[in-house]
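Shown next, in structure tokens, is the structure this report addresses.
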Amino acid sequence: MGEKPYRVHVVVDPSYAERIRALPIDEPVWIVDSVGNHPVIRSLWQEHEGLESVGGITSFTFDPAAGPEDWLIAELAVIDLHHGELSHDPPYSILNVIGVRWSERIQRELGGLGFDRWQATPEGFTCTRDVSGRFR
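Heads up, the sequence shown stops at 140 in our numbering, and the numbers go up one at a time, no gaps.
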């Protein structure tokens with residue numbers, strides 16, 4: 005009780021670049037490894053090397069012929085594997101997505117992972133799920 009909810013950030017904006025520095029250092033970030041984002045990702049890896057309180061930055065490849073919605077959906081299973089009930093106790097309950105708007109397709113995919121509430125943000129959306137007692 006009283007634990008901070010476990011939040012994961014997913015950035016599918018290929019031009020997010022320096023703005024990644026504004027995300028909380030103690031929360032995991034998954035970000036498209038685009039030409040615009042790559043130099044900042046590498047810089048942050050070097051700056052945070054050896055720090056224990058860092059949530060971590062994971063870059064992922066993407067198909068430039070597709071779009072941010074596809075990139076997000078393609079990565080969801082891997083994100084859930086790394087931050088879900090098989091890897092963390094408690095598992096992540098908040099997903100903050102940057103670079104794409106909420107859609108019916110995203111709702112279906114995230115609904116399959118138990119996310120049932122969402123809210124638009126200036127850069128995308130945040131969705132939540134109840135994980136209390138769900139996986140025990």
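Think of the CB as a built atom: it goes at the ideal place given N, C-alpha and C, for glycine as much as any other residue.
Beta-bridge analysis with DSSP links Ser-63 to Ile-35.
Residues Trp-106, Phe-129, Cys-131 of the same chain have their beta carbon placed closer than 6 angstroms to that of Trp-122, with the five preceding and five following residues left out of the count.
Boundaries around Gly-128 are those of the beta strand (DSSP E), 128-132, since no alpha helix (DSSP H) includes it. Straight across, the Cα-Cα distance linking Val-33 with Ile-61 is about 5 angstroms. DSSP links Arg-121 through a beta bridge to Thr-132.
Under the 8 angstroms Cβ criterion, the stretch 93-102 counts as touching the stretch 11-22, having at least three qualifying pairs. By the neighbour-count criterion, in which a residue is buried when 16 or more other Cβ atoms sit within 10 angstroms of its Cβ, Asp-67 is exposed. Bridge pairing for Ile-45: absent [DSSP].
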